[in-house]
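K.L.:
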Amino acid sequence: MLIMSPWNYPVLLTLDPLIDAIAAGNTAVVKPSAYAPATAVVLKMILEECFQTEYVAVITGGRAENQALLQQRFDMIFFTGGKTVGREVLRSAAEYLTPVTLELGGKSPCIVDATAKLPLAARRIVFGKYLNCGQTCVAPDYVLCDVRIRDRLVGAIRAEISRQFGENPLQNPDYGKIINEKHFHRLLGLMDAEKIVCGGQYDEKTLRIAPTVMTDVDWSDAVMEEEIFGPILPVVTYNAYDTEKSIAQNDFSG
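First residue of the sequence shown: 1, per full-length UniProt numbering; consecutive thereafter.
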């Protein structure tokens, strides 16, 4: 079994599928993400102390190593990451009809209707969105809310950001950073200064972006055309629930 794990939760999302593989009586090749090299070194050290390499082998490296591994014939591939590499994994697996499990990202909305308890909704949205600086697969990508409650909800979210991260999150030692410069600049490119109502500050030296909220967001805006995977929260409003629900369910499927 080949396990290709991501950089955002590199220990959990490596060991979870590995434990399952071992419990089912399989050998495994583990390929940690090149974006978390220090963690990859630690994982390799631990696993090599616990297992002989013919049972569990750890391969470190980047794209070249990924491609070399995908040319091998495995009985199963478990991949966690983005759609681009996920497609490469699926294409390579098709050569041998290898079963594949893909845990990929997407545009996951948090829908807030007019009956919601807004302080509670705001607390849960802020925790889920900005945990690990938004670099979490299950984070709400954007908020879809009833137009009648938008301003009250945004106000509650702003208050909750201050409560959880302080008045200056960039100076909060418990607030995370973006994984690398590539993703940092990608995220800056998604922000529209005219639509930011909270946050928007950033520090290129520390790769930190403050928890940011954007309103008056249109479906055609850059921030709505890809998974954000960062601390930027667009707030989209609806009038006709069924119409917006249909968009949330059917868009971004590519």
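All residues carry an ideal CB built from backbone N, CA and C; glycine is no exception.
Quick caveat, the model's predicted, so the values are computed rather than measured.
By how many angstroms is the C-alpha of E88 removed from the C-alpha of Y142?
P.N.:
Working through the sequence shown from its first residue, we reach residue 142 at position 142. Working through the sequence shown from its first residue, we reach residue 88 at position 88. For Y142 and E88, the distance between alpha carbons rounds to 27 Å.
K.L.:
Touching or not, the stretch 8 to 17 and the stretch 25 to 39, by the rule of three or more beta carbon pairs under 8 Å?
P.N.:
yes
K.L.:
I believe L97 touches Y238 by the beta-carbon criterion, under 8 Å. Please report the beta-carbon distance rounded to the nearest angstrom.
P.N.:
What you label residue 97 is simply residue 97 of the sequence shown in a count that begins at 1. What you label residue 238 is simply residue 238 of the sequence shown in a count that begins at 1. L97 to Y238, Cβ: 43 Å. No contact.
K.L.:
From D151 to V236, what does the alpha carbon distance come to, in whole angstroms?
P.N.:
To locate residue 151, count along the sequence shown from 1; it is residue 151. To locate residue 236, count along the sequence shown from 1; it is residue 236. Whole-angstrom Cα-Cα distance: 11 Å.
K.L.:
Taking the alpha-carbon positions, what's the G134 to F229 distance?
P.N.:
Locating residue 134 in the sequence shown gives position 134, counting from the first residue. Locating residue 229 in the sequence shown gives position 229, counting from the first residue. About 5 Å.
K.L.:
Determine the burial state of E204: buried for a count of at least 16 other Cβ atoms within 10 Å of its Cβ, exposed for fewer.
P.N.:
Residue 204 sits at position 204 when you count from the first residue of the sequence shown. Exposed, by the Cβ-count rule.
K.L.:
The beta strand (DSSP E) spanning E103 covers which residue range?
P.N.:
Position 103 of the sequence shown, counted from the start, is the residue given in the question as residue 103. Its beta strand (DSSP E) spans residues V100 to E103.
K.L.:
Is R208 helix, strand or coil when you go by DSSP?
P.N.:
On the sequence shown, position 208 is the one that residue 208 refers to. Strand, per DSSP.
K.L.:
Whole angstroms are fine: how far does the CA of N132 sit from the CA of T215?
P.N.:
In the sequence shown, residue 215 corresponds to position 215, counting from 1. In the sequence shown, residue 132 corresponds to position 132, counting from 1. Their backbone Cα atoms lie some 22 Å apart in a straight line.
K.L.:
Leaving out the 5 sequence neighbours to the left and right, which residues in its chain are closer than 8 Å to I196 when beta-carbon positions are compared?
P.N.:
Mapped onto the sequence shown, residue 196 falls at position 196. So the list reads T212, V213 and M214, once near-sequence residues are dropped.
K.L.:
Who are T146's beta bridge partners in DSSP?
P.N.:
Position 146 of the sequence shown holds residue 146. Residue 146 is actually Asp in this sequence, not Thr. BP columns for D146 point to Y238.
K.L.:
In terms of DSSP beta bridges, what is F78 paired with?
P.N.:
Position 78 of the sequence shown, counting from 1, holds the residue named residue 78. Answer is I3 and T101, bridged to F78.
K.L.:
May I ask which residues mark the beginning and end of the alpha helix (DSSP H) holding I125?
P.N.:
As a first step, residue 125 is located in the sequence shown; it is residue number 125 there, counting from the start. L118 to Y130 is the extent of the alpha helix (DSSP H) around I125.
K.L.:
Are there 16 or more other CB atoms within 10 angstroms of the CB of M45, so buried, or fewer, so exposed?
P.N.:
Stepping through the sequence shown from its first residue, residue 45 is reached at position 45. With fewer than 16 other Cβ atoms within 10 Å, it is exposed.
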